[in-house]
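Everything on this sheet refers to the single structure shown next.
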Amino acid sequence: MLTDTREKPRAKTLFKNPLLYSSLLVGIALVVVSWILYYRWQENRSIERRNREEASRKQLENDRVVLEQLGGKELAIQSFYASPGAIHKGERVQLCYGVANAKVVKLDPQPNAVWPSYARCVNVSPAKTTTYTLTASDASGNTISQSLQVSVR
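Numbers 1205 to 1357, taken from this note's numbering, label the letters of the sequence shown in order.
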């Protein structure tokens, strides 16, 4: 009888398996890379949020400045002047005005209609020295007036 002289292959131990170590290294690398990507994503979100808040704050400040420049929330006559202030008989003069938060504007004496505006001019031809009065009213019924004199030589 013949005996089998072939040796049985030895089973590799778990600790001598290179696939185990390489898989473990790839897994650790994936975890590290994933953590780095997540951390950067969170940091970018935080930076974007701060930038949005800063932009919002700046926009609010700009809006506040513009609102103040346009007269705030209160009824106001921002400007009322004649150009030129003195004329010769028969010439025209421009009466310019600007009002804020007005609902109704009235110019006396003036035959032409006027309306609320931040900047508007009307032409007048006074025959003699005349005092013009600009009256502005808001929706609450508050009224404000301002006068100016146009000299005719």
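Idealized CB from N, CA, C, for every residue including glycine.
Nothing here was measured: the structure is a model prediction, and the numbers come from that model.
DSSP beta-bridge partners of residue i
| i | result |
| --- | --- |
| T1339 | K1310, S1349 |
| Y1285 | C1300 |
| A1323 | BP columns for A1323 are empty, so no partner. |
| T1334 | V1354 |
C-alpha distance - residue i paired with residue j, whole-angstrom precision
| i | j | result |
| --- | --- | --- |
| V1297 | V1318 | 16 Å |
| S1355 | V1328 | 12 Å |
| A1323 | K1262 | 27 Å |
| A1290 | S1349 | 22 Å |
| S1321 | Y1301 | 8 Å |
| R1249 | I1281 | 47 Å |
| W1245 | V1230 | 22 Å |
| V1270 | E1258 | 18 Å |
| V1303 | R1253 | 39 Å |
Residues near residue i by beta carbon distance below 6 Å, same chain, minus five either side
| i | result |
| --- | --- |
| H1292 | R1357 |
| T1333 | S1355, V1356 |
Buried or exposed by the 16-neighbour rule on C-beta atoms within 10 Å, applied to residue i
| i | result |
| --- | --- |
| A1343 | exposed |
| L1224 | exposed |
| V1236 | exposed |
| A1340 | buried |
Helix, strand or coil at residue i according to DSSP, with G and I counted as helix
| i | result |
| --- | --- |
| S1355 | strand |
| N1316 | coil |
Same chain, Cβ closer than 7 Å to residue i, five either side skipped, listed in chain order
| i | result |
| --- | --- |
| T1337 | D1312, S1349, S1351 |
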